[in-house]
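Read in order, the letters of the sequence shown are residues 142 to 365 in our numbering. Heads up, the beta-carbon is just placed ideally off N, CA and C, and yes, glycines get one too. The structure appears below as structure tokens.
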Amino acid sequence: MEAMGGVSVDEKEDDSFRWMFTNNGVFSVKSCYDLFKSSLSGPPLDSKKVLALSFLWNCKVPSKILVFGWRFIHNRLATKDQLVRRGVLVEGSESLCSMCKEKEEDILHLFFKCDSSCSIWRRVYMWLDLANYLSFEDFEDFFINYDKLPVNKRMMVAIIWLATAWSIWSKRNAVIFRKESFNFTECMSEIIHNSWRWFSSFQKKKNVCNFYLWNIRPLDCSES
Ligand SMILES: [Zn+2]
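Here you go:
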């Protein structure tokens, strides 16, 4: 109650949510970026990571996906190895990968080494037909290697890359919290659908790419 002292309440006005980090109370990606930047500690970022982050913040995806990407690049997702480090889980059976239950769950294993997620990245790589520009290993580390792609393809691949990482993370959470099992087909279909939705909704021209074309050859869809 003490903390409420000096706060005046307008009974005529309805309750509403306010974003604390802008003057007008409305969420903005920039304010979120500034907030994360100010919370960073430790050694300065290397120049490749700085470029990766500035490319990320220009990606045309919903803000929650930008925040997820930021946490991914900084290895700040709540993977089990991180939870062990914070004393939330005990090392051993509690820290095993949620999908394969064989290796310790860290970001590298969960997203790239685990059989389930690796099969997803390989299918996405084939779907994008990127072999002329990027090796599969380059693609896994796409935000470090995005400048190897032609300028007009970068945003599309970035959106699909983020949709892939996001789907793997969502499926991993569904395994833990909803006791679901990992389903390859469902995960692929979520990636294709989400990436198409995000790509289309940020295009200035409407109907720039129909779902049928996106499903077959997404990189033939042009950006506007
Ligand atoms: Zn695993």
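8 Å contact criterion, which residue i and residue j should meet: CB distance rounded
i, j, result
"Tyr287", "Ala299", "6 Å"
"Ser308", "Ile332", "5 Å"
"Ile214", "Lys189", "Not really, about 10 Å apart at Cβ, beyond 8 Å."
"Met366", "Leu194", "The requested residue 366 is not part of the displayed model; the chain covers only 142 to 365."
"Arg313", "Leu224", "At roughly 13 Å, the Cβ-Cβ gap does not stay under 8 Å, so Arg313 and Leu224 are not in contact."
Contact test: residue i Cβ vs ligand 1 heavy atom, cutoff 6 Å
i, result
"Met267", "no"
"Met297", "no"
"Met240", "yes"
"Cys362", "no"
"Lys221", "no"
"Lys312", "no"
"Lys205", "no"
"Lys244", "yes"
Cα-Cα separation between residue i and residue j, rounded to whole angstroms
i, j, result
"Arg263", "Leu207", "23 Å"
"Ser342", "Ser234", "43 Å"
"Lys254", "Leu290", "24 Å"
"Asn273", "Met267", "11 Å"
"Asn351", "Ile285", "30 Å"
"Met142", "Arg227", "Since pLDDT at Met142 reaches only 47, below the 50 mark, its modelled position is unreliable, and the value read off the structure follows with that caveat. Between Met142 and Arg227, the C-alpha separation is close to 32 Å."
"Ser239", "Cys259", "15 Å"
"Ser330", "Val265", "11 Å"
"Trp198", "Ile301", "15 Å"
"Arg358", "Leu269", "7 Å"
"Tyr353", "Asn216", "35 Å"
"Phe277", "Phe283", "9 Å"
"Asn324", "Gln344", "31 Å"
"Thr326", "Cys362", "23 Å"
"Cys200", "Arg319", "30 Å"
"Met145", "Ile261", "Here the model assigns Met145 a pLDDT of 48, short of 50, so the residue's position is not dependable, and the following value carries that caveat. Using only the alpha carbons, I get a separation of about 51 Å."
"Thr163", "Phe209", "20 Å"
"Arg295", "Ser336", "13 Å"
"Leu218", "Ala315", "15 Å"
"Val229", "Asp222", "10 Å"
"Gly166", "Leu249", "37 Å"
"Leu271", "Cys328", "20 Å"
"Glu281", "Asp187", "19 Å"
"Leu275", "Trp355", "20 Å"
Residue of the options minimising C-alpha distance to residue i
i, options, result
"Ser204", "Arg319, Leu303, Phe280", "Leu303"
"Lys244", "Ser260, Thr220, Ile261", "Thr220"
"Asp247", "Glu232, Ile261, Ser260", "Glu232"
"Ser322", "Asp282, Ser257, Gln223, Val167", "Ser257"
"Leu192", "Trp211, Val167, Cys328", "Trp211"
"Ile317", "Phe340, Asn356, Cys362, Ser236", "Ser236"
"Phe196", "Val292, Asn356, Gly166, Glu327", "Val292"
"Phe340", "Val202, Leu218, Phe209, Asn165", "Val202"
Any non-hydrogen atom of ligand 2 closer than 6 Å to residue i Cβ
i, result
"Cys255", "Ligand 2 is not among the ligands present in this structure, which contains only ligand 1."
*Please list the segments of the alpha helix (DSSP H) lying wholly inside the segment 257-317, counting only runs of 4 or more residues, in order along the chain.*
277-281, 283-286
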